[in-house]
Amino acid sequence: MAPSNYRFSAGEFENGYSLRLSDVSVCFLRYALVVWMAATFTHIDLVQRAKIGCLRKAWPPAHQLPIEPAEP
3 MAPSNYRFSA
13 GEFENGYSLR
23 LSDVSVCFLR
33 YALVVWMAAT
43 FTHIDLVQRA
53 KIGCLRKAWP
63 PAHQLPIEPA
73 EP
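When we follow the working numbering, the leftmost residue of the sequence shown carries the number 3, and every step to the right adds one.
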């Protein structure tokens, strides 16, 4: 059985704290903002890594370039 101060009736706890819809929506919006920011920065990071990977495939390191013989 839950303690008496956790009993929920008519939108108010017995200790006088009321849980309003605005409290819930602000909490949800904060959570959504954090998730959106993390997803955006992760996406940007992955795109940058993919671009760097494409550049590396297009231009191999110098030690892998074919060596042309010098003209006599």
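Note that the Cβ used here is the ideal one computed from N, Cα and C, for glycine as well.
> When DSSP labels each residue in this structure, what does ALA72 get in the three-state scheme?
Replying inline: Numbered from its first residue, the sequence shown carries residue 72 at position 70. In the structure shown, ALA72 sits in coil (DSSP, three-state: anything other than H, G, I, E or B).
> Alpha carbon to alpha carbon, what distance is there between TRP38 and GLN50?
Replying inline: Taking the first residue of the sequence shown as 1, we reach residue 50 at position 48. Taking the first residue of the sequence shown as 1, we reach residue 38 at position 36. Taking the straight line from one Cα to the other gives about 18 Å.
> What did DSSP end up calling ARG51 once you bin it into helix, strand or coil?
Replying inline: As a working note, residue 51 is residue 49 in the sequence shown. Note: ARG51 maps to helix in three-state DSSP.
>> Please classify ASP47 as buried or exposed, where buried requires at least 16 neighbouring CB atoms within 10 angstroms.
In response: Counted from its first residue, the sequence shown places residue 47 at position 45. It counts as exposed.
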